[in-house]
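J.: Can you keep this structure in mind? I'll have questions shortly.
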Amino acid sequence: MIDQYDLTAPLHLEASSHHTKWSVPKVDYESFGHYADWVAATGCDGFLFLWPVIEGNRVPPVVRCKKLHNAPCADFVVDWQHMEAVTCGIDNKVNLYRIKEETIEFKRDKHDNQGFLCVAADVGTGRVALGTNFGWIKILDFQTKEFVSSLIGHQDHCKALAVDWEKNLVVSCSWDSYVHLYDLRSAKLAHRLTGHNSNCYALDVDFESMVAVSSANEYRFMLWDLRERKLLQSYESPGHNVNCMSLDAENGKLATASDDGLVKIWNLHTEAGEEWETSWENSLDCKHNMTVAMDVDWQLGRLVTASWDYNVDMWNLTTGEHLHHFFKPRRCMTQVRMSK
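Take the sequence shown: its position 121, counting from 1, is numbered 126 in my numbering, and each next residue is one higher.
See below:
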């Protein structure tokens, strides 16, 4: 399905750590109610970690450390107001994890050789969209624990997706090199955006402005107009093969992260009303060995990164100052989110 060895093999000769029991000190576990600013991350060992962001504390304690999958946890989303997470993994399992109480509800699909690679969810209503290794997108009603529809179109791994539940619009990208738009009401493919010539890995969408950005394994990314359903611009990024991205369409900014350990900030247009014109603005050296996940808070000017070398860190978006190191994981990370 995917190269699990790359996700699960330790970087160093520390095989005994695989059998180490994970635990959270009681004082840290019970401090959950003291905080309101959070970072969460998942790893290839199936765990979800939760840390508070504490001003002046460069290495905050982990307050939750929960094994949710028996294989790499590929993606997750969090309702920070209610502290509930939806996670998916290549073990064909999707979880609703109530973080404070540490209770779990889960659902598996009937196909044993299927894995879930990406997720978008409206946690409050229980609506969940899941991208699979077959390329199909499964729509799950978590309140009834039933899969209600399948969005068919991609022919290979669906690696990223975004959903506007009010507009009934799903945008996704896949290893088949296409970006798809689906209508949730009809469960039909509405449009296929073409332009990439290799496996698509990352996607971000601004549904308010109806702009999307996608990247593929070809050292470039593409900016799309979803209203007109056309390519706005293709931009080359030599030496920087994008693994993850974050779009600030309102201010014309894009952050990308890659195997080179850099987070690059791009200026997507120069002045309001002008044509889209992408240019490199600056780079932040996160000192990672392969940055595989990133989340950006454009308003507060900070970002968090997670990497193949087990690290989860927070940085100042403007200066590149290292703000926090989130300690605990001992396996490759897969996804990271922060409260906003």
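By construction, the Cβ of each residue, glycine as well, lies at the ideal position given by its N, Cα and C atoms.
Should D209 and S154 be called a contact, given that it needs their Cβ atoms to be closer than 9 Å?
T.: No, the pair does not count as a contact, with Cβ atoms beyond the cut-off.
J.: Using a Cβ-Cβ cut-off of 7 Å (strictly less than) and excluding sequence neighbours within five positions of D98, which residues of its own chain qualify?
T.: One point to set straight first is that residue 98 is Lys, not Asp, in the sequence displayed. So the qualifying residues of the chain are H74, F111 and R113.
J.: Using a 10 Å radius around the Cβ and a threshold of 16 neighbouring Cβ atoms, would you call L308 buried or exposed?
T.: buried
J.: Which runs of the alpha helix (DSSP H) at least 4 residues long sit entirely within the segment 136 to 177? Give them in chain order.
T.: none
J.: Taking only three categories from DSSP, how would you classify H329?
T.: If DSSP states are grouped into helix, strand and coil, H329 belongs with the strands.
J.: Could you give the DSSP three-state label for V32: helix, strand or coil?
T.: In this structure, V32 counts as helix in the three-state DSSP scheme.
J.: Taking the alpha carbon of C123 as the point to measure from, which residue in A45, I95 and T199 has its own alpha carbon closest?
T.: In terms of Cα proximity to C123, the closest of A45, I95 and T199 is I95.
J.: Thinking C-beta only, is K269 closer than 9 Å to N294?
T.: no
J.: Identify whether F54 lies in helix, strand or coil by the three-state DSSP scheme.
T.: In the structure shown, F54 sits in a strand (DSSP, three-state: E or B).
J.: Can you tell me the Cα-Cα spacing of L228 and A207, whole angstroms?
T.: 12 Å
J.: Could you give the first and the last residue of the continuous beta strand (DSSP E) run that contains R232?
T.: Looking at the DSSP string, R232 is not in any beta strand (DSSP E), and its letter there is neither H nor E.
J.: Which residue wins for smallest C-alpha separation from S284, given the options M299, D302, G257 and D290?
T.: G257
J.: Can you tell me where the beta strand (DSSP E) with Y102 in it begins and where it stops?
T.: K98 to R103
J.: Could you check if R342 is buried or exposed, using at least 16 other CB atoms within 10 Å of its CB as the buried criterion?
T.: buried
J.: Give me, in chain order, the residues of the same chain whose beta-carbon lies closer than 6 Å to that of E255; leave out the 5 immediate sequence neighbours on both sides.
T.: none
J.: How many angstroms separate the CA atom of L174 from the CA atom of M88?
T.: 26 Å
J.: Which whole runs of the beta strand (DSSP E) in the segment 242 to 313 are 3 residues long or more, in chain order?
T.: 247 to 253, 258 to 263, 267 to 272, 284 to 290, 296 to 302 and 307 to 312
J.: Let me know if D117 comes out buried or exposed under the rule of 16 or more other beta-carbons within 10 Å of its beta-carbon.
T.: exposed
J.: Mind checking which residues open and close the beta strand (DSSP E) that includes D84?
T.: C78 to D84
J.: On the criterion of 16 or more Cβ atoms from any shown chain inside 10 Å, does E223 qualify as buried, or is it exposed?
T.: buried
J.: Just tell me which of I157, G140, I59 and L135 has its CA closest to the CA of F147.
T.: L135
J.: Identify whether F111 lies in helix, strand or coil by the three-state DSSP scheme.
T.: strand
J.: With DSSP as the reference, label F37 as helix, strand or coil.
T.: DSSP places F37 in helix when its eight states are reduced to three.
J.: From the DSSP output, which residues share a beta bridge with K72?
T.: F52
J.: For a quick check, are the C-beta atoms of N246 and S220 less than 9 Å apart?
T.: yes
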